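Chains as they are written, first to last, in the numbering used here: chain W, 1 to 214; chain C, 1 to 214.
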């Protein structure tokens, strides 16, 4: 479905695309219709040459001396990232982080529907968070059998995470978004993103040290 | 302080270091003393040549045919990332995400002390979360004047985020960790990390589409 892509795109490029898309979203809202790689560079901080190279991976968006059409580029990046369709998600672990995710209303606007949460705590089971029901973790297997879920989100502690991943995979999810503090590997064919919030904190302290030499 | 570094290290390398460190931590706990770049490659998924190149940025850790000393490499990476010292942090915004951060006990073990939180909601002000007091946002300026804070964490909505950033900078923080859904830029000399949880979700859907072609 993602036509015009030239061979394999590097992971680094993929991870820069959301940033481009946010910037383009802001430009659209400001009524900007065209933008050059130089102007994008000033806004995003990547070099103009890197921007041209990144975007060229997906077929020539820009025309020499004419710049990029903001709306087309925004839509094309969304299409590349799979944001032109809808996903059903479940979150396992209804603690603070799970609650933060389900409370982030934007996900729904972007096509990500969190349809159920699961937890082991009796005081959470049977409640709902931002209109999303919290079920018992013991119901997860059956729920996944009865409902087609695209993405499983793991917001448990690291101890429980491998079992949760196995259940999600057995239940037919197509991708896993893992926030447990452990690097999981899913079986071949099931993409998995390990999110470590502390990684960005460690990059921050690296730059702080260099910025404030003692 | 970070001796032996060869010129400017690329941002991509910096962002891979926490991953190396987590892997080395696991190896230490398993009693492994030495590891080759090939073995690290099998565990982490980067190529052995990339691993050697990455680690070579900080002075030769490994010796040909001998591998890396797990503990030394772990400690050296911690030193490079500034994890051999302590940081005092405040969190502005005591909602679910702020609560998730303050409840993550590991930060303290790693030298990150969250000493106060600030919010505008009367029902939160005066409470404490995981033993961390929640003060009124109106007290932030004074608190920062009276306490030396290293890192300010923004867990507010995007509308409030620029003002919060300005207050944190005026109050003397040395770095900012921003979770508000907007890309902030701090003044020169104040490193700032914009964390967008949805970026990893967008990478996930990219890989899901390619993994499950329709």
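Note that CB positions come from ideal geometry on N, CA and C, so glycine has one too. All values derive from a computational prediction rather than experimental measurement.
The secondary-structure analysis by DSSP pairs residue 35 (chain W) across a beta bridge with W:68. Contact note: residue 69 (chain W) does not reach chain C at a C-beta cutoff of 9 Å; the least C-beta distance is about 21 Å. Interface criterion met: the Cβ of residue 204 (chain W) is under 7 Å from a Cβ in chain C. Three or more Cβ pairs closer than 8 Å define a contact, and the region 51-59 of chain W falls short of that threshold against the region 108-122 of chain W. For residue 151 (chain W), the enclosing beta strand (DSSP E) begins and ends at 151-154. Taking a C-beta distance under 7 Å as the contact criterion, residue 161 (chain C) and residue 186 (chain C) do not qualify as a contact pair. Among the bridge pairs identified by DSSP, residue 119 (chain W) is matched with W:136. For residue 92 (chain C), none of the residues of chain W pass the 7 Å Cβ criterion, the least Cβ distance being about 15 Å. In the three-state reduction of the DSSP assignment, residue 211 (chain W) falls in the helix class, which pools H, G and I.
Short of 8 Å from the beta carbon of residue 176 (chain C), and not among the five residues preceding or following it, lie these beta carbons of its own chain, in chain order: 151, 152, 153, 154, 165, 168, 169, 184, 186, 190, 191, 192 and 193.
For the 7 Å CB-CB criterion, residue 96 (chain W) and residue 99 (chain C) form a contact.
DSSP places residue 113 (chain W) in the strand class (E or B) of the three-state scheme.
A Cβ-Cβ separation of about 16 Å leaves residue 76 (chain C) out of contact with residue 111 (chain C) under the 8 Å criterion. Listed along chain W, no residue sits closer than 7 Å to residue 54 (chain C) by beta-carbon distance, the nearest being about 14 Å off. In the structure shown, the three-state DSSP call for residue 20 (chain C) is helix.
Under the Cβ criterion of 7 Å, residue 199 (chain W) is counted among the residues facing chain C. Contact of residue 183 (chain W) with chain C by beta-carbon distance below 7 Å involves 22. Interface residue (Cβ-Cβ distance to chain W less than 7 Å): residue 174 (chain C) is classified as such.
In this structure, the alpha-carbon of residue 17 (chain W) lies about 28 Å from that of residue 148 (chain W). Using a CB distance cut-off of 7 Å, residue 34 (chain W) does not count as an interface residue toward chain C. Within chain C, the residues whose beta carbon sits less than 8 Å from that of residue 106 (chain W) are 181 and 198, listed in sequence order. The beta carbon of residue 94 (chain W) sits closer than 6 Å to the beta carbons of 117, 119, 124 and 134 from its chain, once the five residues preceding and following it are set aside; these are given in chain order. Counting along the chain, residue 184 (chain W) sits inside no beta strand (DSSP E), nor does DSSP assign it H or E at all. For residue 191 (chain W), the nearest CB of chain C lies under 7 Å from its own CB, placing it at the interface with that chain. Between the alpha carbons of residue 49 (chain C) and residue 58 (chain C) lies a gap of roughly 15 Å. Cβ-Cβ distances below 6 Å link residue 113 (chain C) to 88 in the same chain, with the five nearest sequence neighbours on each side left out; the list follows chain order.
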